[in-house]
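Peer 1: According to the UniProt record's numbering, the residues represented by the sequence shown are 1 to 212, in order.
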Amino acid sequence: MSVKYMLTLLAVVAALIALVVSQFEALAGSRQLQILDLSGTSSWLARQNLGQRAVEQILENPLLGRFGGHISSAEVTGGYAHSMLSAWVNYGLLGFVLYLGLTVSAFFGAAYRMLVVGDRAAGWVFAFSINFVCLLLIVLAKPVFWPLPALGWGAYANALATARWAPGSDTARQDGATGAHHDESGQHDAARDSQGRNDNESGTPDLRPSAL
1 MSVKYMLTLL
11 AVVAALIALV
21 VSQFEALAGS
31 RQLQILDLSG
41 TSSWLARQNL
51 GQRAVEQILE
61 NPLLGRFGGH
71 ISSAEVTGGY
81 AHSMLSAWVN
91 YGLLGFVLYL
101 GLTVSAFFGA
111 AYRMLVVGDR
121 AAGWVFAFSI
131 NFVCLLLIVL
141 AKPVFWPLPA
151 LGWGAYANAL
161 ATARWAPGSD
171 TARQDGATGA
181 HHDESGQHDA
191 ARDSQGRNDN
201 ESGTPDLRPS
211 AL
């Protein structure tokens, strides 16, 4: 790394620090910097209240949940827990397990394929990326009504099917061997049929001695 490049980089960093310091008071009131102090933000407090209400409804009906409970309790359509707990409230324990289990299995399945097996195909990279994002967000911010996890499940299923039927895979080799066996059997049957037709056309062989 050249000295000129280092000096330029230090100058840019110093300019950015000076800009942030000079505009700190103006930036302190922005929503972007409120993430550093969530306890004082109205949005975070509202999400905590919604999450607490969801926990109470789950404790009241742990198996079946309370479908639409966020509407009956908050009397607004957007009063649901902004996390995977909304799946438990609306669809019960079984729905929650399926919802979370599909995302977790898709994420770890894609991660195993990429990191352990070493398959860097585009399908596995996409499945890993989208399921990682979905798993993170359904834990922290997104309700069960968010449609993106279903895309992650489909991406994982597509990558799995593509890898299973790809040339050189065990399934493809087995299908190739089965097809070759069927072709060989078909050729033998065709040969026998052809021999039978030739015998029928020529008639019964004449085994009598020739007059000559």
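Every residue, glycine too, gets a C-beta built ideally from N, C-alpha and C.
Owing to the predicted nature of the structure, the values given are computational and were not obtained by experimental measurement.
#1: Taking just the CA atoms, how far does residue 83 sit from residue 141?
#2: Do the stretch 118-130 and the stretch 145-165 meet, that is, are 3 or more Cβ pairs less than 8 Å apart?
#3: Residue 89: buried (16+ other C-beta within 10 angstroms of its C-beta) or exposed?
#4: Give me the Cα-Cα distance between residue 130 and residue 111, rounded to the nearest whole angstrom.
#5: If you reduce the DSSP assignment to three classes, tell me which class residue 49 lands in.
#6: With distances taken Cα to Cα, identify the nearest neighbour of residue 51 among 138, 147, 150.
#7: Between 156, 153, 144, 98, which lies nearest to residue 54 when the distance is taken from Cα to Cα?
#8: For residue 62, which residues from the same chain have a beta carbon less than 7 Å from its beta carbon, with the 5 sequence-adjacent residues on both sides left out?
#9: So, at 6 Å on beta carbons, what are the nonlocal neighbours of residue 120 in its own chain, with the 5 sequence-adjacent residues on each side left out?
#10: Exposed or buried, which one is residue 10 when buried takes at least 16 other CB atoms within 10 Å?
#11: Which word fits residue 8, buried or exposed, when buried means at least 16 other C-beta atoms lie within 10 angstroms of its C-beta?
#12: Buried or exposed, going by whether 16 or more other CB atoms sit within 10 Å of the CB of residue 149?
#13: Have a look at residue 109 and residue 158 and give me their C-alpha separation to the nearest angstrom.
#14: Have a look at 154, 60, 13, 146 and flag the residue whose alpha-carbon is nearest the alpha-carbon of residue 102.
#15: What residue range does the alpha helix (DSSP H) around residue 88 cover?
#16: In angstroms, rounded to a whole number, what distance separates the CA positions of residue 12 and residue 5?
#17: Excluding the 5 residues preceding and the 5 following residue 104 in the sequence, name in chain order all residues of the same chain whose CB lies nearer than 6 Å to its CB.
Peer 2: Taking the definition as stated:
#1: As a first step, residue 141 is located in the sequence shown; it is residue number 141 there, counting from the start. As a first step, residue 83 is located in the sequence shown; it is residue number 83 there, counting from the start. If you draw a straight line from the Cα of residue 141 to the Cα of residue 83, it comes to about 5 Å.
#2: Yes: the two stretches touch, three or more of their Cβ pairs being nearer than 8 Å.
#3: As a position in the sequence shown, residue 89 is number 89, starting the count at 1. Classification for residue 89: buried.
#4: Taking the first residue of the sequence shown as position 1, residue 130 is located at position 130. Taking the first residue of the sequence shown as position 1, residue 111 is located at position 111. Roughly 11 Å separates the two Cα atoms.
#5: One-based indexing of the sequence shown puts residue 49 at position 49. Residue 49 falls in the helix class under three-state DSSP.
#6: Reading the sequence shown from its first residue, position 51 is the one you call residue 51. Distances from the CA of residue 51 to each of 138, 147, 150 were compared; the closest alpha carbon is that of 138.
#7: Stepping through the sequence shown from its first residue, residue 54 is reached at position 54. Shortest Cα-Cα distance from residue 54 to any of 156, 153, 144, 98 involves 144.
#8: For this step, residue 62 is matched to residue 62 along the sequence shown. Around residue 62: 93.
#9: Along the sequence shown, one-based indexing puts residue 120 at 120. Contacts found: none.
#10: Mapped onto the sequence shown, residue 10 falls at position 10. Burial call: exposed.
#11: By one-based count along the sequence shown, residue 8 stands at place 8. Around the C-beta of residue 8, fewer than 16 other C-beta atoms lie within 10 Å, and the residue is accordingly described as exposed.
#12: Residue mapping note: residue 149 aligns to position 149 of the sequence shown, counting from 1. By the neighbour-count rule (16 or more Cβ atoms within 10 Å), residue 149 is buried.
#13: Stepping through the sequence shown from its first residue, residue 109 is reached at position 109. Stepping through the sequence shown from its first residue, residue 158 is reached at position 158. Residue 109 and residue 158 have their C-alpha atoms some 12 Å from each other.
#14: In the sequence shown, residue 102 corresponds to position 102, counting from 1. Nearest of 154, 60, 13, 146 to residue 102, Cα basis: 154.
#15: Position 88 of the sequence shown, counted from the first residue, corresponds to residue 88. Its alpha helix (DSSP H) spans residues 85-111.
#16: For the purposes of this step, residue 12 is taken as the residue at position 12 of the sequence shown. For the purposes of this step, residue 5 is taken as the residue at position 5 of the sequence shown. Our two residues, residue 12 and residue 5, have alpha carbons roughly 11 Å apart in a direct line.
#17: Along the sequence shown, one-based indexing puts residue 104 at 104. Excluding residues within five positions, none has a Cβ falling inside 6 Å.
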